[in-house]
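Visitor:
Residue numbers (the numbering used here): 498 to 842.
1. Have a look at residue 498 and residue 685 and give me their C-alpha separation to the nearest angstrom.
2. Could you tell me the distance, in whole angstroms, from the CA atom of residue 637 to the CA atom of residue 512?
3. For residue 820, which three-state DSSP category applies?
4. Would you check if the stretch 774-788 and the stretch 803-822 touch, i.e. whether three or more CB-CB distances between them fall below 8 Å?
5. What is the rounded straight-line gap between the Cα of residue 825 and the Cα of residue 766?
6. In terms of DSSP beta bridges, what is residue 825 paired with?
7. Is it the case that the CB of residue 569 approaches a heavy atom of the ligand SAH more closely than 7 Å?
8. Expressed to the nearest angstrom, what Euclidean distance is found between the alpha-carbon atoms of residue 763 and residue 729?
9. My parser needs the alpha helix (DSSP H) runs of 4 or more residues fully inside the stretch 737-789; what are they?
10. For a quick check, are the C-beta atoms of residue 786 and residue 776 less than 8 Å apart?
11. Between the alpha carbons of residue 738 and residue 732, how many angstroms are there, rounded?
12. Are residue 747 and residue 798 close, meaning C-beta to C-beta below 8 Å?
13. Restricting to Cα atoms, I'd like to know which of 548, 717, 521 and 630 is closest to residue 757.
14. Helix, strand or coil for residue 600? Go by DSSP, reduced to three states.
15. On the DSSP letters alone, give me the boundaries of the alpha helix (DSSP H) that residue 713 sits inside.
16. Around the Cβ of residue 811, are there at least 16 other Cβ atoms within 10 angstroms (buried) or fewer (exposed)?
17. Take every Cβ of the stretch 693-701, pair it with every Cβ of the stretch 711-722, and state whether three or more of those distances are shorter than 8 Å.
18. Just to check my reading of the structure: residue 535 and residue 608 have Cβ atoms closer than 8 Å, yes? What is that Cβ distance to the nearest angstrom?
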């Protein structure tokens with residue numbers, strides 16, 4: 498009875514959310530990012546080859562690719578975009594989805610379905626955590642704001658990494674806070690696995706590293722019940738276990754990447770990454786990546802590191818956008834306030 502009272506309203510809210518996402522996804526045209534993400538995800542789970550779309554981690558795309566394994570799809574590997582080009586994601590995506598005799602509408606729908614389920618899981622996680630800390634009314638309100646947000650509804654039905662990033666930050670912060678509250682090895686292991694999973698969802702979750710540092714410092718400084726000596730001792734212990742959490746995350750990342758680079762020829766991986774990073778400014782970072790790729794043990798993590806460097810390289814160059822009558826790659830301080838007011842009102 499208590500379970501019914503606690504979860505009846507959330508189930509209705511999430512059900513309405515699913516109907517809204519499903520209704521808008523069916524028959525909706527392919528977005529530009531999906532043109533790259535869908536063939537990439539399918540190639541990961543079908544061919545275990547990570548040559549497409551390395552600038553995004555694999556987990557979200559792989560989830561989108563799993564339902565496609567049950568369809569009779571043709572994925573040509575004798576094309577120039579696959580066999581010769583460096584990250585020929587756009588051309589290969591066009592060939593796979595529209596030019597190989599596959600049912601494009603069916604393919605797009607089934608790739609999007611796991612994204613909608615992932616969004617619903619994120620809603621369940623948000624409700625559970627807020628319920629645990631602030632009670633049922635606050636949790637229901639929070640879930641409603643999440644479920645009917647135009648931004649969440651728009652992105653939650655697409656094969657993109659934005660919802661994955663949100664999930665990554667949430668599981669990363671929740672599990673690390675739990676570790677700080679009770680810093681035993683069990684919670685350290687859970688936090689480490691969560692950190693690794695978060696890094697596999699989107700590269701922006703790398704910001705969890707400085708966030709963990711700030712949370713750790715704040716946790717130590719605000720513990721007024723212990724003296725200076727005990728504070729230093731506790732801080733050293735938490736720092737040491739936080740390093741272990743990071744190491745566990747690296748292991749998780751490496752294991753997942755190892756599966757998806759299994760059939761990616763090492764020679765092509767090295768030549769592709771060398772070409773991709775040829776204009777990267779800090780050559781010492783590139784040298785580290787090249788060394789990792791050449792080493793069979795670190796080769797999987799080297800591919801993760803490639804994607805991270807690609808994101809850094811792209812961010813340094815800026816992203817050209819049209820905003821308030823101007824086209825610029827420099828950005829504007831008004832962008833996020835204006836977008837929030839116009840898209841979330």
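Yeah, the Cβ is synthetic: ideal placement off N, Cα and C, and Gly gets one too.
All values reported here derive from a predicted model rather than from experimental measurement.
Guide: A quick look at the data gives this:
1. The predicted model places residue 498 with a pLDDT of 46, which falls under 50 and marks its position as unreliable; any figure quoted below should be read in that light. Those two C-alpha atoms are separated by around 35 Å.
2. Whole-angstrom Cα-Cα distance: 14 Å.
3. Judged by DSSP in its simplified three-state form, residue 820 adopts strand.
4. yes
5. 34 Å
6. Within the DSSP secondary-structure output, residue 825 pairs in a beta bridge with 818.
7. Absent from the structure shown: the ligand SAH. Ligands present: none.
8. Cα-Cα distance, rounded: 46 Å.
9. 763-773
10. no
11. 10 Å
12. yes
13. Closest option to residue 757, judged by alpha-carbon separation, among 548, 717, 521 and 630: 548.
14. coil
15. 705-718
16. exposed
17. no
18. Right, their Cβ atoms sit about 5 Å apart.
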